[in-house]
Amino acid sequence: MAKEYVLVAGGTGTLGTQLIQRLLTHGVQVRVLSRNAAGAQRLETPQVEVVEGDVRDPASLRRAMRDAMTVVSAIHGFLDKQGPRAIDRDGNRNLIAAARGAGVQHFVLVSIAGAAADHPMELFRMKYAAERELRASGLAWTILRPTAYMETWLRLIAAPLVQSGRVRIFGGGRNPINFVSAHDVASLVEAAVFNPARQGSAIDIAGPEDLSFVDVVRVIEQATGRKATTSHVPLPLMRAMSVAMRLLNPALARQVQGGVVMDTTDMSFAAAVRGSPSWTRGATTLHDVVVRDYVRS
Ligand SMILES: NC(=O)c1ccc[n+]([C@@H]2O[C@H](COP(=O)([O-])OP(=O)(O)OC[C@H]3O[C@@H](n4cnc5c(N)ncnc54)[C@H](OP(=O)(O)O)[C@@H]3O)[C@@H](O)[C@H]2O)c1
Numbered sequence: 297m298a299k300e301y302v303l304v305a306g307g308t309g310t311l312g313t314q315l316i317q318r319l320l321t322h323g324v325q326v327r328v329l330s331r332n333a334a335g336a337q338r339l340e341t342p343q344v345e346v347v348e349g350d351v352r353d354p355a356s357l358r359r360a361m362r363d364a365m366t367v368v369s370a371i372h373g374f375l376d377k378q379g380p381r382a383i384d385r386d387g388n389r390n391l392i393a394a395a396r397g398a399g400v401q402h403f404v405l406v407s408i409a410g411a412a413a414d415h416p417m418e419l420f421r422m423k424y425a426a427e428r429e430l431r432a433s434g435l436a437w438t439i440l441r442p443t444a445y446m447e448t449w450l451r452l453i454a455a456p457l458v459q460s461g462r463v464r465i466f467g468g469g470r471n472p473i474n475f476v477s478a479h480d481v482a483s484l485v486e487a488a489v490f491n492p493a494r495q496g497s498a499i500d501i502a503g504p505e506d507l508s509f510v511d512v513v514r515v516i517e518q519a520t521g522r523k524a525t526t527s528h529v530p531l532p533l534m535r536a537m538s539v540a541m542r543l544l545n546p547a548l549a550r551q552v553q554g555g556v557v558m559d560t561t562d563m564s565f566a567a568a569v570r571g572s573p574s575w576t577r578g579a580t581t582l583h584d585v586v587v588r589d590y591v592r593s
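Its first residue numbered 297, the sequence shown is counted upward by one per residue in my numbering.
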């Protein structure tokens, strides 16, 4: 009998690597889609197979879907040259079409809290387009919409603080943002994969705290005992850069614009779950993650 796989697109990422460990505890076979199979070789075990492919290349997706019963999409193109339009919208559309063609039983889409057609950030608009595509696909689906990952932001703030004592904050850094641990999100994706009762629902996932970037620096200082010298990139400069860089370096322009939105838009827990029919909250605090990843390790 053919083996049945859970295909994880984005299995090499912050969330994806955590998710794979959890899927394996259920005794399933896992297949990881990566643009760089050689780089992802470290993930390979008798239960984990890596296949090279790209969500922009439908032929590679057809190969990756062989014997897949469940597909998890944990990809994004926010940092890449191609961007969210090509990856989060069109790439997810390709993944969904390939899953339908291969007779996949369940498609789990990792979207983002606040995804909406009129959001100021392209990433959120393209995630919303992917959500719509999945809902209309005829596949059984679950959509998970997390807030910002602590682990992602700590790599940008805690790592330089611990190494050099210096931190740069984009904007004033006083806007409260909800952060969730990617480990908590992985546990909810795991539950979505194995619990058919969650199918057909879109669940917002928040963390326990709303923190500004200035608060984040304070938490890191307290947990590590290091004192930070903090500098700020002024908002008017960020606004100008996000326009001026568009042609030369669209990925950087997009990230700077994201920084403007995060400094000026309501990104709190209340905003994340406003109007949400279903939400849940992870328990891991930012302090827990700093201690786990930057003090003990
Ligand atoms: N980070 C956050 O704060 C945050 C917040 C809310 C929601 N999310 C969502 O959570 C999910 C995981 O995010 P993350 O931060 O863990 O991601 P990440 O660490 O940045 O990794 C991105 C993943 O996307 C894959 N990918 C990108 N372009 C691809 C392409 N063209 N074809 C195939 N794979 C491609 C990469 O695979 P290879 O490089 O191996 O090809 C990688 O595994 C995403 O859906 C993201 O939108 C993230």
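Beta carbons: idealized from backbone N, C-alpha and C, even for Gly.
*Beta carbon of residue 464: closer than 7 angstroms to some heavy atom of ligand 1?*
Within the sequence shown, the letter at position 168 stands for residue 464. No.
*asked:* Need the endpoints of the alpha helix (DSSP H) that residue 420 sits in, please.
replied: As a position in the sequence shown, residue 420 is number 124, starting the count at 1. 418-431 is the extent of the alpha helix (DSSP H) around residue 420.
_Minimum C-alpha distance to residue 353 - residue among 558, 305, 475 and 317_ = Here residue 353 refers to the residue found at position 57 of the sequence shown. The residue with the shortest Cα to Cα distance from residue 353 is 305.
*Going by the beta-carbon positions, is the gap between residue 438 and residue 495 smaller than 8 angstroms?*
Along the sequence shown, read from residue 1 onward, the residue named residue 438 stands at position 142. Along the sequence shown, read from residue 1 onward, the residue named residue 495 stands at position 199. The answer is yes: Cβ separation under 8 angstroms.
_Per-residue burial, residue 539 [other beta carbons within 10 Å of its own, 16 or more giving buried]_ = Within the sequence shown, numbered from 1, the residue matching residue 539 stands at position 243. Per the 10 Å Cβ criterion, exposed.
*asked:* Is any non-hydrogen atom of ligand 1 found closer than 7 angstroms to the C-beta of residue 500, if you look at the structure I gave you?
replied: As a working mapping, residue 500 is identified with position 204 in the sequence shown. No - ligand 1 has no heavy atom lying nearer than 7 angstroms to the Cβ of residue 500.
*Grab me the residues of residue 360's own chain with a C-beta within less than 7 angstroms of its C-beta, minus the 5 sequence neighbours each way, in chain order.*
Taking the sequence shown and counting its residues from 1, the one referred to as residue 360 is at position 64. These residues qualify, in order along the chain: 303, 327, 329, 347 and 349.
*Where DSSP assigns a beta bridge to residue 527, which residues make up the other side?*
One-based indexing of the sequence shown puts residue 527 at position 231. Answer is 464, bridged to residue 527.
*Is it a yes or a no for the region 435-455 touching the region 408-417, going by three-plus beta-carbon pairs under 8 angstroms?*
yes
*asked:* Between residue 476 and residue 501, how many whole angstroms is the CB-CB distance? I'm expecting something under 8 angstroms.
replied: Counting from one through the sequence shown, the residue named residue 476 turns up at place 180. Counting from one through the sequence shown, the residue named residue 501 turns up at place 205. So it is a contact: roughly 6 angstroms between Cβ atoms.
*Between the Cα of residue 300 and those of 324, 376 and 318, spot the shortest distance and give me the residue it belongs to.*
Mapped onto the sequence shown, residue 300 falls at position 4. It is 324.
*Leaving out the 5 sequence neighbours to the left and right, which residues in its chain are closer than 8 angstroms to residue 525 when beta-carbon positions are compared?*
In the sequence shown, residue 525 corresponds to position 229, counting from 1. Once the five neighbours on either side are set aside, the close Cβ partners of residue 525 are 461, 462 and 463.
_Here's the rule I'm using: 16 or more other beta-carbon atoms within 10 Å means buried, otherwise exposed. How should residue 379 be labelled?_
Taking the sequence shown and counting its residues from 1, the one referred to as residue 379 is at position 83. Buried.
*For residue 507, is the classification buried or exposed, using 16 other Cβ atoms within 10 angstroms of its Cβ as the cut-off for buried?*
Residue numbering aside, residue 507 sits at position 211 when the sequence shown is read from its first letter. By the 10 Å Cβ count, residue 507 comes out buried.
*State the Cα-Cα distance for the pair residue 384 and residue 417, rounded to the nearest angstrom.*
The sequence position of residue 384 within the sequence shown is 88, counting from 1. The sequence position of residue 417 within the sequence shown is 121, counting from 1. Straight-line Cα distance between these residues: approximately 13 angstroms.
*Would you say residue 424 touches ligand 1, meaning its beta carbon is less than 7 angstroms from a heavy atom?*
As a working mapping, residue 424 is identified with position 128 in the sequence shown. Residue 424: no, Cβ never under 7 angstroms from ligand 1.
*First and last residue of the uninterrupted alpha helix (DSSP H) at residue 390*: For the purposes of this step, residue 390 is identified with residue 94 of the sequence shown, where counting begins at 1. Counting along the chain, the alpha helix (DSSP H) containing residue 390 begins and ends at 388-397.
*Which residue comes first and which comes last in the beta strand (DSSP E) that contains residue 345?*
Counting from one through the sequence shown, the residue named residue 345 turns up at place 49. Run containing residue 345: 344-348, per the beta strand (DSSP E) assignment.
*Identify which residue in 428, 592, 449 and 472 has its Cα closest to the Cα of residue 568.*
Position 272 of the sequence shown, counted from the first residue, corresponds to residue 568. If we check each option's Cα against that of residue 568, 472 comes out closest.
*What distance in whole Å lies between the Cβ atoms of residue 343 and residue 315, which are believed to be in contact at a cut-off of 8 angstroms?*
Residue numbering aside, residue 315 sits at position 19 when the sequence shown is read from its first letter. Residue numbering aside, residue 343 sits at position 47 when the sequence shown is read from its first letter. Incorrect: roughly 14 angstroms between the Cβ atoms, too far for contact.
_For residue 575, the residue or residues it bridges with in DSSP_ = Position 279 of the sequence shown, counted from the first residue, corresponds to residue 575. In the DSSP output, where bridge partners are listed per residue, residue 575 has 500.
*Contact test: residue 306 Cβ vs ligand 1 heavy atom, cutoff 7 angstroms*: The residue you call residue 306 lines up with position 10 of the sequence shown. Yes; taking the cut-off as 7 angstroms, the Cβ of residue 306 has a heavy atom of ligand 1 nearer than that.
*Where DSSP assigns a beta bridge to residue 474, which residues make up the other side?*
For the purposes of this step, residue 474 is taken as the residue at position 178 of the sequence shown. Its beta-bridge partners are 506.
*Of the choices 391, 355, 377 and 493, whose alpha-carbon is the least far from that of residue 542?*
Position 246 of the sequence shown, counting from 1, holds the residue named residue 542. Nearest of 391, 355, 377 and 493 to residue 542, Cα basis: 377.
_Is any non-hydrogen atom of ligand 1 found closer than 7 angstroms to the C-beta of residue 330, if you look at the structure I gave you?_
As a working mapping, residue 330 is identified with position 34 in the sequence shown. Yes, Cβ of residue 330 sits closer than 7 angstroms to a heavy atom of ligand 1.
*Give me the Cα-Cα distance between residue 553 and residue 534, rounded to the nearest whole angstrom.*
Here the question's residue 553 lines up with position 257 in the sequence shown. Here the question's residue 534 lines up with position 238 in the sequence shown. Spanning the two alpha carbons is a distance of roughly 7 angstroms.
*Comparing the CB of residue 381 with every heavy atom of ligand 2, is any distance shorter than 7 angstroms?*
For the structure depicted, ligand 2 is absent and the ligand set comprises only ligand 1.
*Return yes when at least one heavy atom of ligand 1 lies under 7 angstroms from the C-beta of residue 352, else no.*
Counting from one through the sequence shown, the residue named residue 352 turns up at place 56. Correct: residue 352 has its Cβ closer than 7 angstroms to ligand 1.
*Do the CB positions of residue 419 and residue 392 come within less than 8 angstroms of each other?*
As a first step, residue 419 is located in the sequence shown; it is residue number 123 there, counting from the start. As a first step, residue 392 is located in the sequence shown; it is residue number 96 there, counting from the start. Contact flag unset, no.
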